[in-house]
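Residue numbers (my numbering): 1170 to 1578.
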Amino acid sequence: MPNDLGGAASVGNLQKIREWLQKGANINGKYDKDFTPLHWAATMNQVDAIQLLADEGADLNARDGHQSTPLLLAAFFGQAESVEYLLQRGAIPKLKNKDGSLPEQAMMANRTITEWVARDILQIPFNWTKISEGRNQVRKLLTGEHSYIGQETSWFVRNYFLFGQFCTHHLWFLYDLVYLTVGFLLLMGILKFIPINGFARWLTESPLRLLWLAPLTYWAQLNMGSGEDGVFGPSTAVFLKPDWIKLGYYAIFFGYGAICFPHKGFHEKVGRFWPVYFALATIFFLAVLPIIENKDEGSNYEWISLLSALFVWLMIFGLIGCFRKLFSQANPKVRFISDSAYWLYIAHLPLIQLIQFWVSGWSLPSIVKLVLICAITTMLLLLSYRYLIRYTLVGTMLNGKRYKINGTN
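Spelled out as structure tokens, the structure:
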């Protein structure tokens, strides 16, 4: 039994809708998931409910918490009947949501994204075949033709355009590096006229470095826009439009690394007490777990952000010291694995997807498939790195020039 106007609209219970309206329920109010009743009716394709709400004065272009209109949500879920009726009643199809997407662009979302929104966020039934077929009908209603921007049959558009924006997926960090490198070069061009070498050395080697690194990181983490999810650690921006807060977060680490590189004292001193760093990082991580569980209470995200900032720097200094202590001796095998890591990260995703598709129909436990996929992917990528990448221009770009010695690596 619907317990509010939004619930009644979602199941198309016209009698309950009338009862709630007679009791004074706000027809344009926000209900479950920050939806108005019209959002719920459009999402669930309750056309009769849409008609009743529109007749009673519902705002056809109301915005939910993500700035999506009922028309955009109906289009997203392929609810052609709802889209057609909303357009007939005068809903505006050129209103964008928070992501900057129009209804026809929102329909570019692939199955994974759509299922995530349906099952995890809205907690409604999901039928990909029905949604895909409905989107084809909606596209005709919105554009009148199968334009390029709306071709869901295009593999490239389907996989690399999310909510109408090009998505960099796991290569987001390379895009960020372009901005960070350009910024670094411009800054160095300015600072070469300013004698700050002594100050830079103090920034890198001082035992008080956490006093400036942690507050900067805390501020960026706090303002990253993921606090409502109780995120521990940074989020990422995968679209071409720069997210300056997130880019600034990574710039802190990029900049500190650039400052440290030329100073011998950093390589000799920092991380000497790595067991202490690891111990403190573990304490902070354990301390944040109950706070994450109660993220909606009071100022908990401020604490999550602070502990996240302390954790990341303690782990960085701890790992630097640990590897300097335990892995500083030259080892060709370790060097090879280390050099290959960049290539493995860049190239792994399409190969994993291909092998996943290959084994998906096998009657084996998921853990066996997981191990098999990881083993095959790693083996093939290591072989490709050794024979196709390491001694080529691409390998030089990734790791610097490498030379064969006596026919070995």
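Where a beta carbon is used, it is the ideal one built from N, C-alpha and C, also for glycine.
Looking at C-beta atoms only, is the number of pairs between the segment 1274 to 1281 and the segment 1341 to 1359 that lie closer than 8 Å three or more? no
Three-state secondary structure (DSSP) at Q1184? helix
Proximity to L1291 [Cα-Cα], best of T1312, D1233 and G1487: D1233
How would you call Y1446, buried or exposed, if buried means at least 16 neighbouring beta carbons within 10 angstroms? buried
Evaluate K1622 with the Cβ neighbour count: other Cβ atoms within 10 Å of its Cβ, from every protein chain shown; 16 or more gives buried, anything less gives exposed. Since the first and last residues shown for the chain are 1170 and 1578, residue 1622 lies out of range.
In this structure, what does DSSP give as the bridge partners for F1408? C1336
Is there contact between the segment 1363 to 1379 and the segment 1303 to 1310, where contact requires at least three CB pairs shorter than 8 Å? no
Mapping DSSP to helix, strand and coil, what is G1269? coil
For the segment 1417 to 1424 and the segment 1348 to 1358, state whether three or more C-beta atom pairs, one from each stretch, are separated by less than 8 Å. yes
Taking the CB atoms as reference points, tell me whether N1266 and D1228 lie closer together than 8 Å. no
Hey, which unbroken runs of the alpha helix (DSSP H) at 4 residues or more fall wholly within the segment 1215 to 1254? 1216 to 1224 and 1239 to 1245
Can you find the residues in the same chain that come closer than 8 Å, C-beta to C-beta, to A1260, ignoring five residues on each side of it along the sequence? L1229, N1230, T1238, P1239 and L1240
Measure the Cβ-Cβ separation of C1491 and W1531 and say whether it is below 8 Å. no
Residues in its own chain within less than 7 Å of A1383 by CB, not counting five upstream and five downstream? A1478, L1479 and W1482
Terminal residues of the continuous alpha helix (DSSP H) containing W1209? P1206 to T1212
Buried or exposed: where does L1552 fall if 16 or more other Cβ atoms within 10 Å of its Cβ makes it buried? exposed
Can you check which of these residues, H1436, F1430, L1476 and K1438, is closest to L1449 by C-alpha distance? L1476
So for Q1292, helix, strand or coil by DSSP? coil
Are the beta-carbon atoms belonging to Y1142 and W1512 less than 8 Å from one another? Since the displayed the chain opens at 1170 and closes at 1578, residue 1142 lies outside it and no answer follows.
N1510 to V1503, Cα distance in whole Å? The sequence shown places Ala at residue 1510, not Asn. So the alpha carbons of these two residues sit roughly 11 Å apart.
Identify whether I1452 lies in helix, strand or coil by the three-state DSSP scheme. helix
Close Cβ partners of E1397 (< 6 Å) along its chain, the five nearest in sequence each way excluded: At E1397 the pLDDT is 47, less than 50, meaning the model places this residue with poor confidence; the figure from the coordinates comes in the next sentence. Answer for E1397: no residue qualifies.
Classify L1533 as helix, strand or coil using the three-state DSSP reduction. coil
Within 10 angstroms of its Cβ, does G1303 collect 16 or more other Cβ (buried), or is it exposed? buried
Helix, strand or coil for K1570? Go by DSSP, reduced to three states. coil
Where E1397 sits in the DSSP three-state scheme: The predicted position of E1397 is uncertain, since its pLDDT is 47 and thus under 50; a value taken from the coordinates is nonetheless stated next. E1397 falls in the helix class under three-state DSSP.
Comparing alpha-carbon positions, which option in D1224, I1452, T1312 and F1486 lies nearest V1377? For the record, residue 1377 in the displayed sequence is Leu; it is not Val. Comparing Cα positions, the closest option is F1486.
Excluding five sequence neighbours on each side, which residues of the same chain lie with their C-beta closer than 6 Å to the C-beta of A1287? I1293 and F1295
Quick check on DSSP: helix, strand or coil for D1173? coil
Counting only the same chain and skipping the five closest in sequence on each side, list residues whose C-beta sits under 8 Å from that of T1337. L1343, Y1344, V1407, F1408 and L1409
Below 7 Å, is the gap between the Cβ of P1411 and the nearest heavy atom of the ligand MG? For the ligand MG, the structure offers nothing, since it holds no ligand at all.
Which word fits R1187, buried or exposed, when buried means at least 16 other C-beta atoms lie within 10 angstroms of its C-beta? exposed
Leaving aside the five residues before and after T1179 along the sequence, list all residues of the same chain whose C-beta is less than 6 Å from its C-beta, in chain order. Rather than Thr, the amino acid found at residue 1179 in this sequence is Ser. Correct list, in chain order: W1209 and M1213.
Could you have a look at Q1498 and say whether DSSP puts it in helix, strand or coil? coil
DSSP three-state call for I1279: helix, strand or coil? The amino acid at residue 1279 is misidentified as Ile; the sequence shows Asn. Three-state result, N1279: coil.
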